[in-house]
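Asks: Here's a structure for you.
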Amino acid sequence: MPKNASLTQVTSKTLLPAAINGWEVYLKDQGRSPNTIKAFLSDVRLLTHYAPPDRAVGAVTTEELNKFFEWMEKERAVACSPKTLSRRITSVKSFFRWLHQYGVILPDPAEKVLQRSAISPLPQVLSVDEAEAALLAADNQRHASKPDARSYTLLQLLLATGIKKSECLGIHINHIDLEAKDGPQLFVRYASPANRYKERKIHLPEAWLPAYREYLAQYQPLDQLFPWSPRRLEYLLEDIGEAAGLSKHLSFDMCRWTCALRDYQSGLEADRIRQKLGVSKIQWRELFIKIRQLNGEIK
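Here it is, written out as structure tokens:
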């Protein structure tokens, strides 16, 4: 394989800092975003603080890398979370894979370093009673002396569809089809072509429609369904939670997980839940484990 231009001066005897500088050039040539490059370099340069200053890239061993990650996890003064450690392992693997790919080092010392999965804590969900209390609190606003259907429309939509906050903010009125052949549907769309695989249609419950129509009549949105800032919508959910007397912090994420768990408990096939949430099969592995944990099946 021909050498990349950024590797012209890099050999197995090149010291780590200089080789990392060459990798930076390569990442820029590949069109990686500035934030991605910054994160990669920050992770890999930690290795230069651990290894001897005269360590050449060709002298780095798998054993040394394993000790480096153990030091980072247990001995370094700055605490390293499982998620951060996982990302740093990925960065180091990418760096040495690049060197190996272009024949600078043989073999790749990072290849056999075990990638550690960073599984975050279990999310909170609403119990059946809590969800009913939240919906009742929001419904009370619909029937107040000054009727306001906005909170109920938002909350029931989130609990029924499991969409993310960004997806909710991206809904336009023409993304909702009340005349669809198989019943009312929400079309989740993305502006960026890179996210087109997440686009999907989600069934809307008939019970949501009266509040939705009331909301349209009251607020008359012209294009975006919820034309407010993300923080304003978060406040709406928080207010509902307080009015319902919930001890939990009602949020978009909580509604999403509650929806996924309820769908699973109702017997919906796992892959259909995955498609409804708009996640890849790789992402689904961890999510499905969490859903089963929330359901009390596994610890």
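The sequence shown begins at 1141 in my numbering and counts up one residue at a time. No residue lacks a Cβ here, since even glycine has one placed at the ideal position from N, Cα and C. In this text the structure is predicted, and so the values were computed from the model without any measurement.
(1) Rounded to a whole number of angstroms, what is the C-alpha to C-alpha distance between L1239 and D1248?
(2) Would you list, in sequence order, the uninterrupted beta strand (DSSP E) runs of no fewer than 3 residues that lie entirely inside the stretch 1319–1353?
(3) Find out if the Cβ-Cβ distance for the pair E1486, K1305 is shorter than 9 Å.
(4) If distances are taken between C-alpha atoms only, which option among E1319, L1362 and R1329 comes closest to L1344?
(5) Okay, do the stretch 1284–1292 and the stretch 1259–1272 touch, 3+ Cβ pairs below 8 Å being the bar?
(6) For L1326 versus L1297, is the C-beta spacing smaller than 9 Å?
(7) Please report how far the alpha carbon of Q1358 lies from the alpha carbon of K1286, in whole angstroms.
(8) So the alpha helix (DSSP H) F1180 belongs to, where does it begin and stop?
(9) Would you mind stating whether L1156 and A1217 have Cβ atoms separated by less than 9 Å?
(10) Whole angstroms are fine: how far does the CA of I1229 sit from the CA of Y1404?
(11) Could you tell me the boundaries of the alpha helix (DSSP H) in which Q1264 lies?
(12) If you run the structure through DSSP and keep just helix, strand and coil, what is G1436?
(13) So, for L1390: in the same chain, excluding its five sequence neighbours on each side, which residues have a beta-carbon less than 7 Å away from its beta-carbon?
(14) As an exercise, report each continuous beta strand (DSSP E) stretch of at least 3 residues that is fully enclosed by the stretch 1218–1249, in chain order.
(15) What's the C-alpha gap between S1312 and G1302?
(16) What separation, rounded to the nearest whole angstrom, lies between the Cα atoms of N1280 and E1354?
(17) May I ask you to list the residues that DSSP assigns as paired with I1303?
(18) With a threshold of 7 Å on Cβ separation, who are the neighbours of A1351 within its own chain once the five nearest residues in sequence on each side are excluded?
(19) So the candidates are Q1364, S1332, E1426 and R1432; which of them puts its Cα closest to the Cα of G1407?
(20) Could you round the C-beta distance between L1401 and L1434 to whole angstroms and report it? I think they count as a contact, below 8 Å.
(21) Quick check: the Cα distance between P1370 and A1277, rounded to an integer number of angstroms?
(22) Is it a yes or a no for the stretch 1193–1207 touching the stretch 1166–1180, going by three-plus beta-carbon pairs under 8 Å?
(23) Tell me the rounded alpha-carbon separation between M1394 and W1211.
(24) What residue range does the alpha helix (DSSP H) around T1202 cover?
(25) Does Q1358 come out as helix, strand or coil in the three-state DSSP assignment?
(26) Across which residues does DSSP place Q1296 in a beta bridge pair?
(27) Could you tell me the distance, in whole angstroms, from the CA atom of T1446 to the CA atom of T1202?
(28) Indicate whether F1235 and W1348 have their beta-carbon atoms separated by less than 9 Å.
(29) Just the C-alpha distance for R1372 and A1383, rounded to the nearest angstrom, thanks.
(30) Measure how close the beta-carbons of G1418 and R1340 come, nearest whole angstrom, since I'm counting them as under 8 Å.
(31) In its own chain, which residues sit with a C-beta less than 8 Å from the C-beta of R1185, not counting the 5 before and 5 after it?
Replies: Inspection of the coordinates gives the following:
(1) 8 Å
(2) 1325–1328 and 1340–1343
(3) The structure shown does not extend to residue 1486, since the chain is modelled only from 1141 to 1439, so the question has no answer here.
(4) E1319
(5) no
(6) yes
(7) 11 Å
(8) P1174 to Y1190
(9) no
(10) 33 Å
(11) No alpha helix (DSSP H) holds Q1264; DSSP gives it neither H nor E.
(12) coil
(13) A1274, L1377, E1378, I1380 and G1381
(14) none
(15) The sequence given here has His at residue 1312, not Ser. Distance between the alpha carbons of H1312 and G1302 is about 17 Å.
(16) 14 Å
(17) Note: I1303 sits in no beta bridge, so no partner.
(18) R1282, A1289, Y1292, T1293 and Q1296
(19) R1432
(20) 5 Å
(21) 21 Å
(22) no
(23) 35 Å
(24) T1202 to E1210
(25) helix
(26) Q1296 pairs with nothing; no bridge assigned.
(27) Here the chain has residues from 1141 to 1439 only, and residue 1446 is not among them.
(28) no
(29) 17 Å
(30) 5 Å
(31) P1157 and I1160
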